[in-house]
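In what follows, a single structure is set out as structure tokens and then discussed.
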Amino acid sequence: MVSFGGIARKLFGSANERRVRAFQPNVDAINPLEEAMRALSDEQLAAKTVEFRQQLADGKTLDDLLIPAFAVAREASRRVLGMRPFDVQLVGGMILHSNAIAEMKTGEGKTLVATLPVYLNALAGKGVHVVTVNDYLAQRDSATMARIYGFLGLTTGVIVHGMSDEERQAAYACDITYATNNELGFDYLRDNMKYERAQMVQRGHYFAIVDEVDSILVDEARTPLIISGPLDDRSELYNTIDAFIPLLTAEDYEIDEKQRSANFSEAGTEKLETILREAGLLKGNALYDIENVAIVHHINNALKAHKLFQRDKDYIVRNDEVVIIDEFTGRMMPGRRYSDGQHQALEAKERVKIQPENQTLAQITFQNYFRMYDKLAGMTGTASTEAEEFGNIYGLDVIEVPTNLPIKRIDEDDEVYRSFEEKFKAIVADILDAHKRGQPVLVGTTSIEKSELLAERMRKEGFTNFQILNARYHEQEAYIVAQAGVPGGVTIATNMAGRGTDIQLGGNLEMRVERELGEVEPGPERDAAIQAIAEEIKVLKQKAIDAGGLYVIATERHESRRIDNQLRGRSGRQGDPGRSKFYLSLQDDLMRIFGSDRMDGMLQKLGLKEGEAIVHPWINKALERAQKKVEARNFDIRKNLLKYDDVLNDQRKVIFEQRVELMEATNISETIGDMRHDVIDDLVNKYIPERAYAEQWDSANLKADVANFLDLDLPIQDWVKEEGIGEDDIRARLTEAADKAAAEKAERFGPEIMHYVERSVILQTLDGLWREHIVNLDHLRSVIGFRGYAQRDPLQEYKAEAFELFQALLNNLRQAVTAQLSRVELVQQPQQPEPPPMHGHHLDASTGEDDFARITSVSDTAVAPENRDPDRPETWGRVGRNEACPCGSGKKYKHCHGAFEPEIV
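Counted the way UniProt numbering counts, the sequence shown spans residues 1 to 905.
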């Protein structure tokens, strides 16, 4: 029986087909312009850019210019690169322009598709960002596509790791900027730690096209980008708190070894409150008051260190260091440390030297970074399975673009074996069989270990003619991927997402020319060699086609259907033949999680012998259902994390916007004055309660705090004794005295220096308090889940307490800035405030490895003195303020090349 939905699809097409058809009228309007564009000279075609920009200035919109602009970009591509975008590529470009994700199969030319909307949107002059997954692709794509943009009169920049701020500013100032997601995020965070508006490198977030959008906005979105720096020594606090834990008894805490959690009981909480109060560490009345968030975090870590972590099982002490032991291998892991203060708690327990913590200076998730763009679009080969997430979190629709030629790939049913051993035996036999036939083979594994295991099996069979990809060297990787379509070639890869390189049957002409003829000068000899390589590739391609095209073999199912589809999609590009097959065993992670024991028993009853496989479409469907469950769970985790991060993000926006306003302001004396008056109001309200008699006023403490915050010695106790004096009189006198002192200091410093001093103090104080606030919110988040036991929504509790902490931050800012400015004095040599030493971190969500572990710093790195050229400051790296200046003048750096205007103390 055919459903009504099935009849509707037959009559009107699927929802996706209807959306694609909506772009067809524009395609039909662009194609007739092709002849007119070809008739233009290069100069006339390039002049179209100036014409379009004038039309925008005259009130036209980008949508009005889409048809002629796409026609111009298509013709420029044909002339410059010899590539004319197909009609389906025009559709892909329109999807990107309309703030959506274009799902295009591998080999359909996504990089070229992006040039169409990039050119159109760059006409606005606000900067278009093209986001890639690694530096190699950013450099490769920008170098290739800059030829089109340059031909049309637009500028192109590229951002890669290791560039100076000046180089970054120049790249962001271009019409089009290519960069990786990490570099964009770190630049945003670093910009908001600068002390001068002119030092900021980014100029806004107008339009971004994200390549491999599923990899960046889904896979990498599970972990935030973090910039950290060393924290002040807090070893005394760790040792103090560690001494409290032995005072507790078994009734004071509850241990759950399975969940690896330790919590205090009600009796334990009361006992701790007494101990902490005596030690002067408890603020307010109760341990779980919001002011004690950091102390609760430290105490929880200390309890876990004593009751959950066992010496010589979880860690050992060697050479005065706590060294973690891997729970799976039993091996020591020197250099690895528990995060969030847990390692320091263990060091306090074992009475070894406590190493300093790293403090988070700034952080942001990719979800919140990319949601800042006015327009966002993405492209990938696989996004449909995550369409709900893209819609919910980013407001992006996923539209599947039809292939230019029909897909001929044959996707075979999975083969399921009972054990790893049987599965790998069958895989090796299949690879060897395909190799004999001259069919190129791409083998996908889920980890480097599995790749090595398979490679070892093949070597035992006497077969060594294969390549292994391990996601370390992107340039070398691209060449290996490009040549994976050579007849009889065997390539083993851990993960085929985001490689950005086509597997072309017979090999990739461009890659071979670059590698084999890179040193050969242009001329007849080089042209002849290129022709010879092209002929060879043509012959090899036919051989590969005759052997059945690229054969993709997967060694197991990934927990995400999308990753499986990425691997499968490498075969059958541009109408080529191809084949794919997944080999599974009941010992695979996914099969184990979803009840392989029952299946194993059933297969044994059915008489499945060793070495035999079960193949049935039902198994494919069952596995797909299992994958959908895992995907839904991962989506829920990311969605929940984002809800918490949104709270921090709202506050981050306020702080970062405030910083920019302060940096751009020519005079912030009014703001400083308002802060000073607020502090006076708070002091008066605190020590002179409303409707209280003068005898009840706390004039002694008011005098002490006025001296503390305003640096004024005033006869407040004499004022209080005056007949008929009221709180408003006290407030007015304090305000008058404080304003007079501030005005005298401003006159002494001069307006220019005073403005610089005020701005420096407020920015540095704000940054310090913001860092503490981030740490407090992290600590709050780690314990807020317990509120659920009291039938209270942890998220709502987190929002309320995060708001209270933010209000406290603003109050502390007023007090700290007022106190510092009341005491600030000039010294002879001025200096520019420096941001703290910074290190970038972004954990790989699947492996837990830090992408930036091998990168020493995201700011300027230190350079050995012998490697510095005195005449070239760009070779000096980071120079300490008190170091001898590398120029050889004999002066300190801060008195020479590092000199600035005023220095404050």
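Glycine included, each C-beta is placed from N, C-alpha and C at the ideal position. Please read these numbers as outputs of a predicted model, since none were measured by experiment.
### Message
What does the Cβ neighbour count give for residue 765, buried or exposed, with the cut at 16 atoms within 10 Å?
### Response
Here residue 765 corresponds to residue number 765 of the sequence shown, with the count starting at 1. Residue 765 comes out buried.
### Task
Return helix, strand or coil for residue 650, following the three-state DSSP convention.
As a working note, residue 650 is residue 650 in the sequence shown. Per DSSP, reduced to three states, the secondary structure at residue 650 is helical.
### Query
Quick one: what's got a C-beta closer than 6 Å to residue 778's C-beta in the same chain, skipping five residues either side?
In the sequence shown, residue 778 corresponds to position 778, counting from 1. Excluding sequence neighbours, residue 778 sits near nothing in its chain.
### Query
Within this structure, are the beta carbons of residue 487 and residue 550 separated by less than 8 Å?
Residue mapping note: residue 487 aligns to position 487 of the sequence shown, counting from 1. Residue mapping note: residue 550 aligns to position 550 of the sequence shown, counting from 1. No; because the gap between Cβ atoms is not below 8 Å, this pair is not in contact.
### Task
Please confirm whether residue 223 and residue 842 have their CB atoms less than 8 Å apart.
Working through the sequence shown from its first residue, we reach residue 223 at position 223. Working through the sequence shown from its first residue, we reach residue 842 at position 842. Cβ atoms of residue 223 and residue 842: closer than 8 Å.
#### Entry: Residue(s) in a DSSP beta bridge with residue 578
To locate residue 578, count along the sequence shown from 1; it is residue 578. Residue pairing by DSSP places residue 578 opposite 409, 550 in a beta bridge.
### Task
Flag this pair as yes or no: are the beta carbons of residue 664 and residue 53 separated by less than 8 Å?
As a working note, residue 664 is residue 664 in the sequence shown. As a working note, residue 53 is residue 53 in the sequence shown. Contact flag unset, no.
### Query
Rounded to a whole number of angstroms, what is the C-alpha to C-alpha distance between residue 3 and residue 15?
Translated into the one-based positions of the sequence shown, residue 3 becomes position 3. Translated into the one-based positions of the sequence shown, residue 15 becomes position 15. At residue 3, the pLDDT of 48 sits below 50, so the modelled position is not reliable and the matter cannot be decided from this model.
### Query
Helix, strand or coil: how does DSSP classify residue 159 here?
Indexing the sequence shown from 1 puts residue 159 at position 159. Note: residue 159 maps to strand in three-state DSSP.
### Message
Between the alpha carbons of residue 910 and residue 773, how many angstroms are there, rounded?
### Response
Outside the displayed range of the chain (1 to 905) lies residue 910, so it cannot be described from this structure.
### Simplified DSSP assignment, three categories, for residue 491
Within the sequence shown, numbered from 1, the residue matching residue 491 stands at position 491. In the structure shown, residue 491 adopts extended strand secondary structure according to DSSP, grouped into three states.
### Task
In angstroms with no decimal places, state the Cα-to-Cα distance between residue 271 and residue 248.
Taking the first residue of the sequence shown as position 1, residue 271 is located at position 271. Taking the first residue of the sequence shown as position 1, residue 248 is located at position 248. Distance between the alpha carbons of residue 271 and residue 248 is about 8 Å.
### Message
In this structure, how does DSSP classify residue 262 when only helix, strand and coil are distinguished?
### Response
One-based indexing of the sequence shown puts residue 262 at position 262. In the structure shown, residue 262 sits in a strand (DSSP, three-state: E or B).
### Message
I need the boundaries of the beta strand (DSSP E) containing residue 318, first residue and last residue.
### Response
By 1-based counting over the sequence shown, the position of residue 318 is 318. Residues 315 to 318.
### Residue environment, residue 148, which counts as buried when at least 16 other CB atoms sit within 10 Å
Residue numbering aside, residue 148 sits at position 148 when the sequence shown is read from its first letter. Looking at its Cβ environment, which holds 16 or more other Cβ atoms inside 10 Å, residue 148 is buried.
### Query
Which whole-angstrom value is the C-beta distance of residue 381 and residue 566, which I expect to be below 8 Å?
Numbered from 1 along the sequence shown, position 381 holds the residue referred to as residue 381. Numbered from 1 along the sequence shown, position 566 holds the residue referred to as residue 566. At roughly 6 Å, the Cβ-Cβ gap stays under 8 Å, so residue 381 and residue 566 are in contact.
### Query
Can you check whether the CB of residue 133 is closer than 8 Å to the CB of residue 378?
The count along the sequence shown starts at 1 and reaches residue 378 at position 378. The count along the sequence shown starts at 1 and reaches residue 133 at position 133. Cβ atoms of residue 378 and residue 133: not closer than 8 Å.
### Task
Report yes if the C-beta distance between residue 911 and residue 364 is below 8 Å; otherwise report no.
A question about residue 911 goes unanswered here, because the residues of the chain that appear run from 1 up to 905.
### Message
Just to check my reading of the structure: residue 221 and residue 366 have Cβ atoms closer than 8 Å, yes? What is that Cβ distance to the nearest angstrom?
### Response
In the sequence shown, the residue the question calls residue 221 occupies position 221. In the sequence shown, the residue the question calls residue 366 occupies position 366. Contact holds; Cβ gap of about 5 Å.
### Query
DSSP three-state call for residue 375: helix, strand or coil?
Numbered from 1 along the sequence shown, position 375 holds the residue referred to as residue 375. Three-state result, residue 375: strand.
### Query
If you check the beta carbons only, do residue 278 and residue 265 fall under 8 Å apart?
In the sequence shown, residue 278 corresponds to position 278, counting from 1. In the sequence shown, residue 265 corresponds to position 265, counting from 1. For residue 278 and residue 265, no; Cβs fall outside 8 Å.
#### Entry: Nearest-angstrom Cβ-Cβ length linking residue 315 and residue 299, presumed shorter than 8 Å
If you number the sequence shown from 1, residue 315 lands on position 315. If you number the sequence shown from 1, residue 299 lands on position 299. With a contact defined as Cβ atoms closer than 8 Å, residue 315 and residue 299 miss out at about 20 Å.
#### Entry: Alpha carbon of residue 362 to alpha carbon of residue 655, nearest angstrom
Here residue 362 corresponds to residue number 362 of the sequence shown, with the count starting at 1. Here residue 655 corresponds to residue number 655 of the sequence shown, with the count starting at 1. If you draw a straight line from the Cα of residue 362 to the Cα of residue 655, it is about 12 Å long.
### Query
Buried or exposed: where does residue 909 fall if 16 or more other Cβ atoms within 10 Å of its Cβ makes it buried?
This structure cannot settle anything about residue 909, because the visible part of the chain is limited to 1 through 905.
### Query
To the nearest angstrom, how far is it from the Cα of residue 583 to the Cα of residue 555?
Counting from one through the sequence shown, the residue named residue 583 turns up at place 583. Counting from one through the sequence shown, the residue named residue 555 turns up at place 555. Straight through space, the alpha carbons of residue 555 and residue 583 are spaced by roughly 5 Å.
### Query
Out of 228, 410, 739, 371, which has the shortest C-alpha to C-alpha gap to residue 359?
Position 359 of the sequence shown holds residue 359. Comparing Cα positions, the closest option is 228.
### Query
Just curious, the beta strand (DSSP E) that residue 102 is in, first and last residue?
The sequence position of residue 102 within the sequence shown is 102, counting from 1. Segment 100 to 103, the beta strand (DSSP E) holding residue 102.
### Beta-carbon gap between residue 738 and residue 712 smaller than 8 Å
For the purposes of this step, residue 738 is taken as residue 738 along the sequence shown, with counting starting at 1. For the purposes of this step, residue 712 is taken as residue 712 along the sequence shown, with counting starting at 1. Yes.
### Message
I need the straight-line Cα distance from residue 100 to residue 19, nearest angstrom please.
### Response
Here residue 100 corresponds to residue number 100 of the sequence shown, with the count starting at 1. Here residue 19 corresponds to residue number 19 of the sequence shown, with the count starting at 1. If I take the Cα positions, the gap works out to 12 Å.
#### Entry: Among 789, 296, 353, nearest to residue 318 - alpha-carbon criterion
One-based indexing of the sequence shown puts residue 318 at position 318. Of 789, 296, 353, the residue nearest in Cα terms is 353.
### Message
Going by beta-carbon coordinates alone, are residue 559 and residue 586 separated by less than 8 Å?
### Response
Looking up residue 559 in the sequence shown gives position 559. Looking up residue 586 in the sequence shown gives position 586. No, these two residues do not count as a Cβ contact at 8 Å.
### Task
Could you check the C-alpha separation between residue 510 and residue 504 for me, to the nearest Å?
Translated into the one-based positions of the sequence shown, residue 510 becomes position 510. Translated into the one-based positions of the sequence shown, residue 504 becomes position 504. Whole-angstrom Cα-Cα distance: 11 Å.
### Task
In the DSSP assignment, find the alpha helix (DSSP H) that holds residue 674 and state where it starts and stops.
Position 674 of the sequence shown, counting from 1, holds the residue named residue 674. Its alpha helix (DSSP H) spans residues 669 to 687.
### Message
With a threshold of 8 Å, are at least 3 pairs of Cβ atoms found where one atom belongs to the region 82 to 93 and the other to the region 37 to 51?
### Response
The region 82 to 93 and the region 37 to 51 do not touch, with fewer than 3 CB-CB distances between them shorter than 8 Å.
### Query
Got a sec? Which residues, its chain only, sit under 8 Å from residue 592 by beta carbon, not counting five neighbours each side?
Here residue 592 is taken as the residue at index 592 of the sequence shown, counted from 1. These residues qualify, in order along the chain: 586.
#### Entry: Selected residue, minimal CA-CA separation from residue 619, among 771, 412, 144
Here residue 619 corresponds to residue number 619 of the sequence shown, with the count starting at 1. Cα-wise, what sits closest to residue 619 is 412.
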